[in-house]
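K.L.:
Could you have a look at this structure, given as structure tokens, before my questions?
2 protein chains.
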Amino acid sequence: MKKYDKLVKNAVGRMVPAIINGEKHVPFMGVGKYKPTGNKYGPPIASCSDYPDDGNKVIDSLREALIKAGIKDGMTLSTHHHFRNGDLIANQVFDIAADMGVKNLRWFPSASFPCHEHIIPYLEDGTINRIEGSMNGALGKFCSLGKMDGLGVLRSHGGRYQAVQDGEVKIDIAIIAAPTADPFGNANGVNGPAACGLLGFALADSQYADKVIVVTDNLVPFPAIPWQIHGNYVDYVVKVDKVGIPEKIISGTTQITKSPDRLLIAELTAQFCEQTGLIYDGFSYQAGAGGTALSIGNYFGDILRKNNWKARFIRAGSNKYPVEMLEEGLVEYILDGQTFDLEGVRSMRENPNHVWTSPFTSYNYHGKGNFASMVDVVVLGATEVDINFNANVVTHSDGYLLHGIGGWQNTLFGKTTILPVPLFRDRIPVIRDEVTTICAPGEMIDVIVTERGIAINPLRQDLIAKAKETNLPIKTIEQLKQEAEEICGVPDKPKLSDEIVAVIKWVDGTVIDSVYRVIED
Amino acid sequence: MKKYDKLVKNAVGRMVPAIINGEKHVPFMGVGKYKPTGNKYGPPIASCSDYPDDGNKVIDSLREALIKAGIKDGMTLSTHHHFRNGDLIANQVFDIAADMGVKNLRWFPSASFPCHEHIIPYLEDGTINRIEGSMNGALGKFCSLGKMDGLGVLRSHGGRYQAVQDGEVKIDIAIIAAPTADPFGNANGVNGPAACGLLGFALADSQYADKVIVVTDNLVPFPAIPWQIHGNYVDYVVKVDKVGIPEKIISGTTQITKSPDRLLIAELTAQFCEQTGLIYDGFSYQAGAGGTALSIGNYFGDILRKNNWKARFIRAGSNKYPVEMLEEGLVEYILDGQTFDLEGVRSMRENPNHVWTSPFTSYNYHGKGNFASMVDVVVLGATEVDINFNANVVTHSDGYLLHGIGGWQNTLFGKTTILPVPLFRDRIPVIRDEVTTICAPGEMIDVIVTERGIAINPLRQDLIAKAKETNLPIKTIEQLKQEAEEICGVPDKPKLSDEIVAVIKWVDGTVIDSVYRVIED
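For the record, the sequence lines run as chains B and P.
So the first sequence is numbered by this note's numbering: it starts at 529 and just counts up by one.
So the second sequence is numbered by this note's numbering: it starts at 529 and just counts up by one.
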């Protein structure tokens, strides 16, 4: 099987394969342009008569569960990143597969982490054909150097749900690691020693996979409440000693930035939002868990407090900062996609207004709407932005694929998307003539905030007009690029071959860009 | 189209049609014998690009929403009985359809109530071809007299989910009346003037219907939390002045019985459970909202209290009695399918251990298990039982179809099913040679408790052995039948034609019995 075939130029001018790992895919046609046809995937109909009456689906070991689930060559196995870099299960799955001599698997994680470097030998020996999911760190480098047998496919969190729902990716066996589960397979992330908050990334897998295995280290009697994952979708339950390393589950920068430049960017972002009227009584926003984003969230809190306003909701990967705002009454709801610290877990467990979401509710573009488009202000990062506002979040300027898309593409559908980015990192400009990889077309990005000024997308004349009435340092994106180049020089192009190693999907399942093999020095 | 065709004898010896309303159906093959093949139904793939970015799906009127949803001849329209006899929406839907001249609709309610007598003219004029769902009161009589154009199809709550999931019933337009909703279509039953607790009966419809309309009288800003129905499945939202009549929503007998016979039956049932060891620390039970069942629940509470035990969960249609037990700490969870009074609604709103369920979690037989089979003791009613323990819950002994199946068939999968029934009602014996309509084969019924003795199904030798060590009045079912006949005489057979007017589905979608036209005196 060829990794890819039939290159075509898509709607953002990038060459992408129309055949990927032997299957047809649609090149990106423009935002909202591709109209899906046909019906959602329907998994096989089960019958209670084939499941134990007493609801006890516990199997002695993960190995036995995989055998019962019918693991064999060429299957698609999925795992999830609820434990982030503290995941202990995915590696075991492939240890077992390799030991059994199973070959040519597709690993379909919701994200991979540095801890999964462990599976590189299985990519080398043919146990795993390819990863379809984010590849961070060593796995990204492995892929970037063209060493993966199959082509990497990167999807957003919403795109992953869409691909499963639409039958583009048929999961044979989903392995769902859960902090708490009952013998029937009901599972949640709010209780247990490895509590991580929620299990939303596994929702699609539970609903659509042929076989579903829940793995837990905290088996409780039926019912495990809340049932974030429904046992009615689960085939087998496995009890292990330890499902995740708690201290590594909680990650992300959970400290407000102390860098003067980052603080300035955060302050400018908040001022922009305040002075252009983006913040109002009842507004909503999304900000990540990075140091700059946390600082912006704090500024937003100050603005709400000062005006005696309340946000309707924060869309979060939560941690103690939004939780404090919820508990202070500055916000009515947190709609949470993943918790980043123990305060987030506690709040989700205790507070019914701290709501667990899933890529289905939040991000799936092939639904009857999703709530990403209702968020007023979305604050995101990027590795690169170009003068057409196209943005990159997966590759670095040296061409290496080192990040996943996460929910980034999905959240761009918010009403105003702001990228607060430094003008340069390690003396490499962030704003460029052309991004290495297009993860989003420029029309999705409204505002770029840097420590040396703010650029507004010309498509947002409303914001440009409002900003004119302020004394904010508004510049064109070309000006910002030029300032960066005056300081750092014109950046080198990455050294890339013309061999494609991975593709980037847009939220609708179309292919927006290709990632090329890096030529090592 | 013929109403039915190709009669065959099924596994309980009843003649049932293999062709119903022009479509093939499988005759009952025995409990657990029918193995479904194929895949679940997948509804059409939607795209966010066809839905408003601001999430506002509000349409001016129900009429306009039905037109936008493409209402036309021959479609299947679904509604739900969360408001029970206080529903104000289903009748309006068919008023509009009739006014538009739409014909030949299939009404697919989760249940109909006496308030829906209003639609009889639409059954007469061809607006509605048939009802597939419970038919109570006047609608049941209408069907029983052979006046419905199409054949009635009665399904259990779980069977309704199964039929939708499996694509046996394709819903064109689901109309979900909701006590609270937001403009995106997220909806719940715990808030608002018509709060009814939960919206579980509409889950299948939201997931699988082609078009979904949410109707509410309490429109709140996004997000309506909890989102029992996900807006991501919803096409249109309609605001009306009043969605249900609150005082009629709360129904069911919510008073403990005062009848000495019924109290005796309740006491015998509780004694039986206690003395045969069915009740233990951590046990679970289901009891309905009738006067006898409530009394049994109270006895169970006494037994738990006396032993310093705790039930793990109560499966309920809840009201103040199980809520009191939850709040007293006699039970850890209520797993609730529908709330029957305002205390039930309040508890569900406030108490995370009062859990809303759905026919998917509880009852769907074509899932990977459901929790009905995990309930230790299930206490149910019946209109008739026969000497083979076959039971009837839909027709009276005069042949009239006057009740729906509800969750009755589904809950029979509990570990021990007990039918506490009077030996006779209005001098008509309840225990008979043969039930008018078989809703469950005898193997599903374990114990019959009457005011004159207890009969145990010979299949339950374990219970028979345990009962022998007690001084409970254990009799054979033949003895009970004879005692009733000694008092009331041998009952007349109902006067039925050989024309079938409705069929009863088993939980797996197979046809377990036919309901015949009643010959009026």
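Glycine included, C-beta positions come from ideal geometry on N, C-alpha and C.
Being a predicted model, the structure only gives us computed values, none of them experimental.
Verify whether the separation of the beta carbon atoms of residue 819 of chain P and residue 785 of chain P is less than 7 Å.
P.N.:
Yes, Cβ-Cβ distance for residue 819 of chain P and residue 785 of chain P is below 7 Å.
K.L.:
Quick check on DSSP: helix, strand or coil for residue 987 of chain P?
P.N.:
Three-state result, residue 987 of chain P: coil.
K.L.:
Counting along the chain, where does the alpha helix (DSSP H) carrying residue 622 of chain B start and finish?
P.N.:
That run of the alpha helix (DSSP H) goes 618 to 628.
K.L.:
Which term fits residue 955 of chain B, buried or exposed, when burial requires 16 or more other beta carbons within 10 angstroms of its beta carbon?
P.N.:
Exposed, because fewer than 16 other Cβ atoms sit within 10 Å of the Cβ of residue 955 of chain B.
K.L.:
Where residue 583 of chain P and residue 771 of chain P are concerned, what is the direct C-alpha to C-alpha distance, given to the nearest angstrom?
P.N.:
One C-alpha to the other measures close to 22 Å.
K.L.:
Shorter than 7 Å from the beta carbon of residue 838 of chain B to some beta carbon of chain P?
P.N.:
For residue 838 of chain B, the answer is no, since every Cβ of chain P falls outside 7 Å of its Cβ.
K.L.:
Between residue 945 of chain B and residue 539 of chain B, what straight-line distance do the alpha-carbon atoms span, to the nearest angstrom?
P.N.:
Roughly 21 Å separates the two Cα atoms.
K.L.:
Would you kindly report the start and end of the unbroken alpha helix (DSSP H) that includes residue 665 of chain B?
P.N.:
Per DSSP, residue 665 of chain B belongs to the alpha helix (DSSP H) from 665 to 672.
K.L.:
If you follow the alpha helix (DSSP H) that residue 945 of chain P is in, where does it begin and where does it stop?
P.N.:
Segment 944 to 948 is the beta strand (DSSP E) holding residue 945 of chain P; no alpha helix (DSSP H) there.
K.L.:
Which of the three DSSP states is assigned to residue 952 of chain B in this structure?
P.N.:
Of the three classes helix, strand and coil, the one that applies to residue 952 of chain B here is strand, per DSSP.
K.L.:
Between residue 929 of chain P and residue 686 of chain P, is the Cβ-Cβ spacing less than 7 Å?
P.N.:
Taking 7 Å as the Cβ cut-off, residue 929 of chain P and residue 686 of chain P do not qualify as a contacting pair.
K.L.:
Can you find a C-beta in chain B that's less than 7 Å from the C-beta of residue 577 of chain P?
P.N.:
At least one chain B Cβ lies under 7 Å of residue 577 of chain P.
K.L.:
At a CB-CB cut-off below 8 Å, which residues of chain P make contact with residue 763 of chain B?
P.N.:
Per Cβ cutoff of 8 Å: 896.
K.L.:
Are the Cβ atoms of residue 814 of chain B and residue 998 of chain B separated by less than 7 Å?
P.N.:
No; because the gap between Cβ atoms is not below 7 Å, this pair is not in contact.
K.L.:
So for residue 599 of chain P, helix, strand or coil by DSSP?
P.N.:
Three-state DSSP puts residue 599 of chain P in coil, outside helix and strand.
K.L.:
Using 8 Å as the Cβ pair cut-off and three pairs as the minimum, do the stretch 835 to 852 of chain P and the stretch 916 to 928 of chain P touch?
P.N.:
The stretch 835 to 852 of chain P is not in contact with the stretch 916 to 928 of chain P.
K.L.:
Quick one, which of P:1014, P:1031 and P:985 has its alpha-carbon nearest residue 1005 of chain P's?
P.N.:
Looking at the Cα atoms, P:985 is the closest of the given residues.
K.L.:
Kindly indicate which three-state DSSP category residue 807 of chain B falls into: helix, strand or coil?
P.N.:
Coil.
K.L.:
Hey, is the stretch 793 to 804 of chain B in contact with the stretch 628 to 638 of chain B, meaning 3+ C-beta pairs nearer than 8 Å?
P.N.:
In short, these stretches do not touch, since the Cβ pair count stays below three.
K.L.:
Can you tell me where the beta strand (DSSP E) with residue 1027 of chain B in it begins and where it stops?
P.N.:
From DSSP, the beta strand (DSSP E) with residue 1027 of chain B extends over 1024 to 1033.
K.L.:
Taking only the alpha-carbon atoms, compute the straight-line gap between residue 648 of chain P and residue 666 of chain P and give it to the nearest angstrom.
P.N.:
The straight-line gap from Cα to Cα measures roughly 8 Å.
K.L.:
With a 10 Å radius around its C-beta and 16 neighbouring C-beta atoms as the bar for buried, classify residue 693 of chain B as buried or exposed.
P.N.:
With 16 or more Cβ atoms within 10 Å of its Cβ, residue 693 of chain B is classed as buried.
K.L.:
Look at residue 913 of chain B and residue 982 of chain B and say whether their C-beta atoms are less than 7 Å apart.
P.N.:
Cβ atoms of residue 913 of chain B and residue 982 of chain B: not closer than 7 Å.
K.L.:
What residues in the stretch 739 to 764 of chain B bring their beta carbon closer than 8 Å to a beta carbon of chain P?
P.N.:
Listed in sequence order: 740, 749, 750, 751, 753, 754, 755, 758, 759, 760, 761, 762 and 763.
K.L.:
From the DSSP output, read off the bridge partner residues of residue 814 of chain B.
P.N.:
DSSP output for residue 814 of chain B lists B:843 and B:906 as bridge partner(s).
K.L.:
Would you mind telling me which residues of chain P sit closer than 9 Å to residue 564 of chain B, beta carbon to beta carbon, in chain order?
P.N.:
The contacting residues are 572, 573, 574 and 575.
K.L.:
Quick one: using the 10 Å Cβ neighbour count with 16 as the cut-off for buried, is residue 836 of chain P buried or exposed?
P.N.:
When all chains shown are included, residue 836 of chain P counts as exposed.
K.L.:
Are the stretch 715 to 733 of chain P and the stretch 751 to 759 of chain P touching, with three or more C-beta to C-beta distances below 8 Å?
P.N.:
Judged by Cβ distances under 8 Å, the stretch 715 to 733 of chain P makes contact with the stretch 751 to 759 of chain P, as three or more pairs qualify.
K.L.:
I want to know whether the stretch 646 to 662 of chain P touches the stretch 1003 to 1018 of chain P - three or more CB-CB distances under 8 Å.
P.N.:
Result no; under three Cβ-Cβ pairs closer than 8 Å.
K.L.:
Which residues in the same chain as residue 963 of chain B place their Cβ atom closer than 6 Å to its Cβ, once the five residues preceding and following it in sequence are excluded?
P.N.:
Here the set comprises 912, 914, 918 and 920.
K.L.:
Excluding sequence positions up to five away, which residues of its chain have a Cβ less than 7 Å from the Cβ of residue 596 of chain P?
P.N.:
Excluding positions up to five away in sequence, the list reads 587 and 764.
K.L.:
In angstroms, rounded to a whole number, what distance separates the CA positions of residue 778 of chain B and residue 700 of chain P?
P.N.:
So the two alpha carbons sit approximately 45 Å from each other.
K.L.:
Have a look at residue 877 of chain P and residue 853 of chain B and give me their C-alpha separation to the nearest angstrom.
P.N.:
Each residue's Cα considered, the two are about 23 Å apart.
K.L.:
Count the other CB atoms within 10 Å of the CB of residue 477 of chain B; is the residue buried (16 or more) or exposed (fewer)?
P.N.:
Within the shown structure, residues of chain B are numbered from 529 to 1049, placing residue 477 of chain B beyond reach of any answer.
K.L.:
Would DSSP call residue 866 of chain B helix, strand or coil?
P.N.:
Correct three-state label for residue 866 of chain B: strand.
K.L.:
Less than 8 Å between C-beta atoms, sequence neighbours within five positions excluded: which residues of the same chain meet that for residue 564 of chain B?
P.N.:
Contacts found: 694, 894, 1036 and 1037.
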